[in-house]
Structure formats: C-alpha cells, structure tokens
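Report on the following structure.
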Amino acid sequence: MVKSSIRSSRTRSLDNQRRIHANDRAFNAQFRYANNYIKTSKYTILTFLPLNLFEQFQRLANFYFLCLLVLQMIPAISSLTPVTTALPLIGVLGLTAIKDAYDDFQRHMSDSHVNNRKSQAVRNGRLIQERWSAVQVGDVIRMDNDQFVAADILLLTTSEPNGLCYIETAELDGETNLKCRQCLPETAEMGQDDALISEFDGEIICEMPNNLLNKFEGQLMWKNKQYPLDNDKILLRGCVLRNTHWCYGVVVFAGKDTKLMQNSGKTKFKRTSIDRLLNFLIIGIVFFLLSVCLFCMVACGIWESLVGQYFQTFLPWDTLVPSEPLGGATITALLVFFSYAIVLNTVVPISLYVSVEVIRFAQSFLINWDEQMHYDKNGTSAKSRTTTLNEELGQVEYIFSDKTGTLTQNIMTFNKCSIAGRSYGDVVDKQTGEVIEISDHLDSLDFSFNPNYEPEFKFYDKTLLEAVQKNDVECHDFFRLLALCHTVMSDDRDGHLEYQAQSPDEAALVSAARNFGFVFKERTPNSITIEAIGQTEVYELLCILDFNNVRKRMSVILRRDGHIRLYCKGADNVIYERLKPGNDDMKQRTQEHLNKFAGEGLRTLCCAYRDVDETFFNKWKQKHQEAALSLDSRDELLDAIYEEIEKDMLLVGVTAIEDKLQDGVPQAIANLMLAGMKIWVLTGDKQETAINIGYSCQLLTDEMVDLFIVDASTFDEVQQQLLKFRDNIKIVNTFHPRPDTNQLGSNGVVDISDHSLGTSTPPQPSNVPAVSVVTFRWDDADTLEKHQKQRASTSLMYNSGSFEGVSDDNCAGFAIVINGHSLVHCLHPQMEKLFLDVVLQCKSVICCRATPLQKALVVELIKNNRHAVTLAIGDGANDVSMIKAAHIGVGISGEEGMQAVLASDYSIAQFRFLERLLLVHGRWSYYRMCNFLRYFFNKNFGFTLCHLWYAFFCGFSAQTVFDPMYISVYNLFYTSLPVLAVGIFDQDVNDKNSILYPQLYKPGHYNLFFNKKEFFRSALQGCYISLVLFFIPFGTYYDALSPNGLVLSDYMLLCSAVATILVIVNTAQIALDTSYWTVFNHITTWGSLAFYFIMDYFYNYIMGGIYVGSLTKAITEATFWFTTVLTVTISIVPVLAWRFYFTDIFPTLSDRVRLKQRMAQMRSRHSQDVLRTPSARRARRSIRSGYAFAHQEGFGRLITSGKIMKKLPTPDFTFQLPGIGKFNINSNGNQVSKNAAPPTTPSQDSNSSARAPIQDLDTINL
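Structure, rendered in structure tokens:
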C-alpha cells in the first residue's frame, strides 16, 4: 500500500510544483517568480497630496465641511465668511496629513533599510556585494554570523562540522531558543569554494509558496541522483544566523513568496464602537440640520410672500431674485435654505474629530506612563501602540488568551519523576511521614560532585540521587533515555557546556539528566555522545522519528556494540497503547503517579524503549527511505512507517515538569470575570494540559454544574456531542431556579450581580434530573425593600431602572473544552449556530490543540455573531493572527520574541497587568470619552439652535445671533480646553476602587454611558439651554432702557450678551460635571472664561471688530448681571435637581463608591471594614489526570503540559449581612443556613496568596 502510494506520487503532474535551477537566472526568469523587493509604503512625493486628500475626503465629516466651504464662497447665500469653515477644515486636514506623512515616511525608511541590506551573492566564481532587493530566485548567497537571512533558501554548505547550522527564529515563531538546520552531506563537501559553488547546477522541485512555517517538501536533482528535502534543510527569511561563521544557500522563495511575508497577513483597520455610533449620529444630525433648513426655507417663503414683499424699499431683494412676489419669495426661500445650512453647520463641529484624537493621544501617554504596569524584572513598561482604541478597552466582553507564556511563565523545571513504578521528588518529614511543601527555605541537593553540574538546578529528594549513585539499573536507564532521546544541540563556550533546545521542556529534561550524571556531550548527523557516570558512551544514530500533532511522540533509533535500541518519549495515552503486554503492576503504579503529578499541575511525559532486530530494522529502513522521498502526503506515509516500529515497547518511567503560572493570574482572571468578561483560552497544548491550567487559574472550578468535552473526530459525532450538551444545559436551566432578572426590585433596579443570598428552597421533586441546587430568597418583601435601600450592592442602578437584555450569570455555570480536530467541524457554517448555542451559555471555554488560523476563526466567529468587543492576548508568533483578528490585540513581551508585540495594539509585560489596563485605564477612557461627547453635543446644540429661535424674529433671513469671529473660535478657543481636560483627566472613582469593585466595569458592555438615548438626552438639554439662553436675554433687552434713559434694545448688544452668557453657562456646566479636579482642569476651565473676555476686547478694539463697545456697554449695566444669574440658574438648576434626585434615591455602584471615597478623605482614613470572600481556593472533589505532550509542528519539538491546583482544604466561614443575621456557608455541602445565635467563625489562612475581589459593599460603613 505504501509503495503504491509512492509510485503514484512519482507520476503525479508537476503543475503545482516549483522548478528552480541554481545559478541559472535565464531559466528561472521564464516563471516570473517574485523578486526580493519589499514595499509596504503607500505614497510617493508625487502621489502623496492627491491620494491623501482623496482618502481624507472619504470621511463623511470632511466631505461635509468641504461642501459647506464651497457654499460659503457663494455670496448670494452665505451670511458667514468662508474663513469660519476654511480654518478648522484646513487645520484638520493638515494635522492628519502630517501624521500620515510621518507614518508613511517610517514605512519608507523601514522598506529602505530592509531592501538595502547587503548580501553576498556568488557570480562567476566569486562573491559580489548585492542588495537584498536585487537577489532573485536561484541565486546562491552567503550569510555570515549574526546576519539576517535575505530570503527562503536551501542550505548548501556551512562552516560547522557535518553541515550543521544554528538559527534564531524569534521573528517567525516568537521563540528565542536556537534551532539547528543541516544541509545534505553531498552539498556540504563544497565548503566555501566559490568556484565550486558557482558551478552548482542542481534542480530543485518543491512545493508552491505557502504560509506553513514548519513544513517544506521538495527534491534536489543533482548529478543524476534524487535527494529528499524537508524543513530541516531550509533557512527562512527573517531568521538570524547564530554560532555559525558562514553558510551558503540557494534562494527558493523571494519577496512576497517567502513564508514570513505569507504569514504577515493583512492588518485590519480597527474602529471603536463609539466611532461607529458617531458616524451614525453625524448622519442623523445632518438630516436634522436639513430638516431645520427646510423648515426655515418654507417659513422664509411664507414670510416673504406675506410680509417681506412690502418692505423691499427697506429690505431690497437680491439682484438674482425676480421682482414678481411669488417667484421672488420662492427664489429667496431657496437661497435661505443654503444660508441656514451654513449658519447651522456648527451643530456638526469639525473640531469634534480633532478633540477626540487629542483625548485618545493623551490617554495613550497615561497608559505608557503608568508605573504600576512596569515590570521591574526586565524593565518593561506597558505601551499603547495605537491611539484609536482606548475607550474600547472599557467595553471588552470577550477575552481570548493564549496559555504558554501568557498565563504561564514558560520556564520549565524538572520537578518529579516516576521510575519503575516508584515516585521521586516529594520530600517527606521523617517524624510525621507527611510531605513537606517545597519552598525557598528548603535546602536543595548538592550536585557539586558532578563536574558538569549546573548551580541553578534544584532538586530536593535525595532518594533519587542515592539510587543513581548506587548504580540502580532502572534509574540509569531512565536518565540515559533522557540524555539520548531529544534534538538538543550542545555548544562548548569557554570550556563550559551549553545546550540549545527547541523547547523549554527538552532543555529541562536534558539538564536533569546532566545533573544526575548522564551528560549529553555532542552530536553529529550520525552519532550521539554522552558521559554516563564518568564513562563516555558513543551511539550511532540510525534514525530520528519526528514529532507531529497526530503522533504525539518522538523516537530515536541508536546502535551501540552491535545492539539496536529504540528510545521513545511522548504523551502517556499514546505510549501506553504501544507498550508490550504484561508488567501490569508497574503500569498501574505509574498510572497512579501520573494522576498524582497531574493533580499537582505538572506537565507529564512517558518514556519507553524497545530492542530492535537487525534484519527487521534493515527492511524497515528501506521503506522509510522510500516514504521520505515522496512528494505526495509525505507526512502520512512516514507516520504509517513509524507505526511499524514504535510498538511492543517497555515502560521506563514518567517525567513531571513544572510550568508555573505567572504571578497574579488567578486573581486577575477572577476580577475580570466579576467585571462581566468571558475568558476563553485558545492554546496549542494538549487537552489535559489545558484543563489543568484551567483549574490552576480558576477558570474551571468544582462548583460548576458540568464540564463538557468535545473531542469527536467526525462532523456527525461532534454534532451529536453538542446536541447532547445543549440538552443538558436546557435541563439544568429548566429545573434550576435562578433569580428573575426581568423583574425590577422595589427601588426600580435590576441586580446583575453574581450572587444572591437568602434561605434554602424545598427539596426538588423526585422526577427532576439529579442536579443539586441551592437558591436563596429574603424572608419578606419589606425586608427586601429595606435591605435594598440600605445596602451598597454591586447592582448597576440607573435612572431608567432596567437594562435590556441583561441576564444573571449562573454562579455555578458550565465549562466546555474543545479539541482542535473537533473545532474544525464546530467552525463549519452548518454547525456554527449549534456551537454558539452551547458555548455562549458556558462561563469558561477552552480550545486546545488549536492552530493559529483556528484561533483567528474563533475570534471572528464571536465578533460576527455577538457584536461584542473582543480582546486577544498572546506572546508568540502563533498568536499574531488572533491578535490581528480581535477588536483589540494585546501582546506580552515575554520569553518568545517580539512578533506578537509588533502586531498588537497594546503591549504589557505580564498577564496580571491586563486587569489594570482594562478595569482602570479602559474604564476611565470609556467614561471620559462618553462624558466628553455628552457635553460636546450639549454645548453645540445650545450654541447652534440660538440661530433658529432668532429666525422667528428676523424673518428667517439667516441673520446670525453671534459675531462671525465668535462662531469661528467658539469650539476652538472658548470651550474646547475645559472639555478636553475632562476627557483626559476626569475619573468618577480612583484606580484602587476601580479594581476593588470590578462590577463598575459592566456599564461599558451595554454602552450605558453614551448611546442613542444619551445623545438625545444631551441634545434635548442643549435645546432647553438654547431656549433659556436666547429668550431670557431677548425678553430683558426687548425695548430695554438703562437707568439713565439710554436705549439698550440694540442688536449687537443683545448678541454680545447672549454670547457672553453662553460661555459662562458652559463654564458652570463643565465645572459641575467635573468629578476629579487637577491643576489642568482649573487652568483650562477658569482660564477659558478669562480668555473669552481678553479675546473679545483684543479683537474688537485692536483688530477693529464690528462689535466694538457692545460687550463693554452691556457689562456696565446691572441688567446684564441679573440676566446672567437668572439665565445660568434656570439653565443649570433643573439638570442638577434631576441628578441629585437619582443619585440620592437610585444611586449606582459608582455613586456609592465615590461617596465612600469622599467620606474616607474627610476622615483621613483609607481602610474600611470590607466583606471579602475567602482567598483560599476550594478543595477539589477529584483529581483529574493531566497527560501532556504539546508541540507545534517542527523537527523534534517536544512540549509537555499539565497543570491544576493543589488540593487545598477550604474552611467554613461565617459572615454578617445587615438586617438578616449571620450566615454560615459550608463548603462540603454547599449549603447556607441562617443562625439565630452567633456561630463560631473558623480562622482563615492569614497567608492566603490572592486577594478575592470585593463583590459587595454590604458592610461598608458609609
């Protein structure tokens, strides 16, 4: 079967293959392969201005103001100078153009830097300098140590023995550890003889360009022989040559065809939900403006036909207007339509967009400067890499997280092992017989007797060292396997032996063997040398059986003293299936140890061996060679060959490696979940590993109703599993009484907190499914009403009294784990809906064995179907696609390079900083932006609609109420700075309380701070203010006289008075709206008011404005000041009364926390008696086994996994509820009982590591 498959692959059509002749540009040119020139810039000097303006005018607002500018240039319809629109429009276009030019200049510099890098190409027997951009497919180029690889090349020859070459692939896969590549021995013989290399005429037949970083299939035809090519003989663009003096290679893929560029993906333009809402509102405002203009046009036509025609001597019509009454009135009205479009254009101020960008820019700096997100260990601070998404950080509903390096430290340590059925690693107290917890105070073993030991290696169980020193055969076999079965490379630096491993797991295992006396010394393509207890042993390397995600194991076949042995290590379930029958007692004990290690959250790996007959091996090797030469389904053919030899093995033992969680991860996740965020873990690790980490970081708990596992392989099986899980959820939801969130409480609020307390319900009927449920209720309605008025709960209480579509999260809930091969079917269009029905009802979702593409598809699925804000966080190149797909991408600058950071919108050093980034900066940014927008629309409606009310008294002639200069600078100078200060510095609660009460974050999920309703409320408030602002001064100055008999009913005096009072009203309003005062707020608020008076006098008296003397006359009269006080009072007091009423009667959580802050400041006391949940983790009801062997595709990548919480007892605890009494919660029965007498409160662990986030304010003494 295998041979027939190979024969069919040989006769396959070559249409989908790439043919390359080395050193033959003429032959390769006929295929028009991509050159090596890279271009990411958008503009040139000639195309910048037209292209940039074209892009900017695609924004609706810019095009709208361009049309207004054109209209203002028509004298017949314009009552304002074009300067009022031209200045701000030119300013906005200019600032944006400068920013775009700078960004594109950086891209040009980056492109130039890359394209002009120097490489050495072989031409006519000698080396010449060549720019990267000039390198073509088929060229042979030379790289020196520490140089970047210019293109994807086939390695021909290197400076190292046996054709080895070391590279760093941080720019490709995010991994900083060195990897090894090896050329063919036949080509390695050319050395660095440029004449020989220039004569190299091999033909390469390989796959077409693709984005698979860890896979390459091809053949080299040279000197009438075929040589198989795989990924181990390819150097990819973006790699850096390390520890290798020089190497030569022939270019296979160049430019856009390289795997690096194929993986770069398109960077999507990200917009926030507020941006989208603003675009919708702007369109609505434009239609409102046109409606008002239409009304004024009709009213003008009526007035002109009824009244205006009789006043032509006093108010003559324009020369364009016909003299006959009906036609003249019609034309005049038509012109007035455009005139009012110009006069009322300030209702959509262009300064809005400029102000929004300034606020975002400043908020980004506040993130960058936050010292509490600075990681001292590596000196890395948080960085905002974009200025457009800050407020979106306050609305995140779904977080998609990588695991290794993101939740965990990605630093592996050899912790425990099991050898021949005996467990090692625990330190037992000889007196009590109990296991001692390992800490920094415990002395580790002394390995200094070993000349090759590593001082940083720590191990504490002396029984294992004693067994090795006593020449225990089984222990020696175990460590000999660890020293031989791997792909680690050794390097002797200044007499010190160093290892370069493809994964931290392999480094930990080889390091453990080294310290226990089995030192891996060196390798060649055909041999491995180790030092076993001081004795040198050299093994002939016959074959390496590579790892892939299907096999989940790797093996080496070695010969020594004529004896052939296969060593294998892999996932426990895979190894156990291939063990020789018998020895059941050892297998059982080892299985128990596996369960124990998994229960402690360790990453486990099984080790086994098999002795191989020489005759059998020779036959197997021949079939292996044929499969390796195949170009069609090579991996599948090799897997089938490997199965023939990896069987009937003998179990040696088990390794257990620890990959610790990062500091603060469980608490950060708990707080983020309390804030209403759903956290999904998308990892390439094994299922058991993912589950273990889920328990470690408290994504999974034993309080959950059920943990669903989707692991089927076919479409139908996956569908059946999902249908079963959906039915289970329906059953639990049907018979599980939950608080009715659709009913309002007595104070008109909806409680969306995670917990409710009360008395237990009667037992369920016997026919109900066996689901243990405890619910709670209050004793009576009066108690409930009294309690709700007294308590400061985490309920979100707002003026409307309800949230639409808010559901109470089930505190027990469900969790689901999906395997990668099952996820393929779950993402099928026919199963998407069913998949969503299940996962959206789960509190925690974990996708394991997920490929980078699957991670991105999962994010896209939620984006397209839930319309919720998504955030993706990761630290490796395999997370880049997910980071780009999400609304917000966060990169962790950790152990795996900078690829994720470069693709991200924000970068942080540790996962725990995500808590502060979202709950503090995200929430503040959203709160500030919403406050800014509400106030901005309010003040502009109040400003603009004054013209509409005046229209009723000027015959709808488009006469303005304000001086044209005042209209030009109103939004630019008089009112912009105070609202900018609010948008940058304001905060309702401080950073400490933002984290302490995570449910403060929830309004962002429902767009409560700014939405269509809030916009209409702001617009109506602005309309009300404009009515008061115009009619009170109008009534005051209508036929008004001063005390000395002077006439005050003057148009310009009225305009100056209204303009001045408008600035004072805006100043008073922004002062009352500011919750957090800084020096900048004081300067901008009171400075803008003073600047108005200074500017008015400067313009009118020095620059000769037409309103000279009007304001001076007005403010000398007592009438003006009484009018000002009356207008400001009537404008502000109703709004204040409305706010005070709802803050006092229906306070939100934010109101209560703010009150707590202020009272604490007055008492100069910053600590409160706060009810906290126990920080000790709940005891596990079972130990789930975790068998880990998680790898990415690649030569010998071995990553083990598995991590859950240690089993900890949770004491019962008692707490006080106001007006209810004391409740005792028993952890083993999940029951709550009300006690008449005060029960004894057990002591809690004072050394508990994680602070439980505060969910309630019940015991805060306000």
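Take the sequence shown: its letter number 183 is residue 183 in the UniProt record's numbering, and every next letter is one higher.
The C-beta atom is built at its ideal place from N, Cα and C for all residues, glycine as well.
Model, not experiment: these values are computed from the prediction.
Can you tell me whether DSSP reads residue i as helix, strand or coil?
i: Q1192; result: Any reading at Q1192 must be qualified, since the residue scores a pLDDT of 37, below 50, and its modelled position is unreliable; the value itself is stated next. Looking at Q1192 - three-state DSSP - the assignment turns out to be coil, as it is neither helix nor strand.
i: R1197; result: Interpretation of R1197 is limited by its pLDDT of 31, a score under 50 that renders its predicted location unreliable; the figure taken from the coordinates is listed afterwards. If DSSP states are grouped into helix, strand and coil, R1197 belongs with coil.
i: F287; result: helix
i: S713; result: coil
i: W680; result: strand
i: N415; result: strand
i: Y460; result: coil
i: I204; result: strand
i: residue 1334; result: The question about residue 1334 has no answer, for the chain in this structure spans 1 to 1262.
i: L184; result: coil
i: D491; result: strand
i: W1086; result: helix
i: Q1168; result: Summary for Q1168: the model assigns pLDDT 43, below 50, so the residue's position carries little reliability; its value from the coordinates is reported in the next sentence. If DSSP states are grouped into helix, strand and coil, Q1168 belongs with coil.
i: N16; result: coil
i: P228; result: strand
i: F338; result: helix
i: F253; result: strand
i: Y375; result: strand
i: A640; result: helix
So who's on the other strand from residue i, going by DSSP bridges?
i: W246; result: D144
i: L996; result: Paired residue(s): none; L996 is not in a bridge.
So, for residue i: in the same chain, excluding its five sequence neighbours on each side, which residues have a beta-carbon less than 8 Å away from its beta-carbon?
i: M586; result: A420, G421, L651
i: C296; result: V336, F337, Y340, L948, A951, F956, A958
i: A868; result: E397, Y398, I862, H1005
Have a look at the options and flag the residue whose alpha-carbon is nearest the alpha-carbon of residue i.
i: A1057; options: S957, F1016, C946; result: C946
i: L484; options: F1120, T529, D492; result: T529
i: N145; options: C239, D100, T85; result: C239
i: I646; options: E1117, L229, R610; result: Checking the displayed sequence, the identity of residue 646 turns out to be Glu instead of Ile. Comparing Cα-Cα distances from E646 to each of E1117, L229, R610, the minimum goes to R610.
i: Q721; options: K678, L823, A656; result: L823
i: D201; options: Q182, K225, P209, M208; result: K225
i: F617; options: D663, L594, V556; result: V556
i: G328; options: L344, V343, Y310; result: Y310
i: A656; options: D426, R551, P666; result: D426
Assign residue i to one of two classes, buried (16 or more other C-beta atoms within 10 Å of its C-beta) or exposed (fewer than that).
i: A1090; result: exposed
i: C607; result: buried
i: K377; result: exposed
i: V473; result: exposed
i: T975; result: buried
i: R1158; result: exposed
i: C697; result: buried
i: Q687; result: buried
i: W924; result: buried
i: V356; result: buried
Could you pull out every residue in the same chain whose Cβ sits closer than 6 Å to the Cβ of residue i, ignoring the five residues on either side in sequence?
i: Y1076; result: D986, Q987
i: S401; result: V681, I873
i: V1063; result: Y974, Y1092
i: Y642; result: L545
i: N878; result: P852
i: Q17; result: I205
i: I283; result: none
i: M190; result: T157, L196, I197
Only counting the same chain, and skipping five residues up and downstream in sequence, which positions put a Cβ closer than 7 Å to that of residue i?
i: N115; result: Y37, I38, R131, W132, S133
i: N1247; result: Because N1247 carries a pLDDT of 38, less than 50, the predicted location of this residue cannot be relied on, and the following value inherits that uncertainty. Cβ within range, chain order: n/a, list empty.
i: E614; result: I564
i: A1019; result: F937, F941
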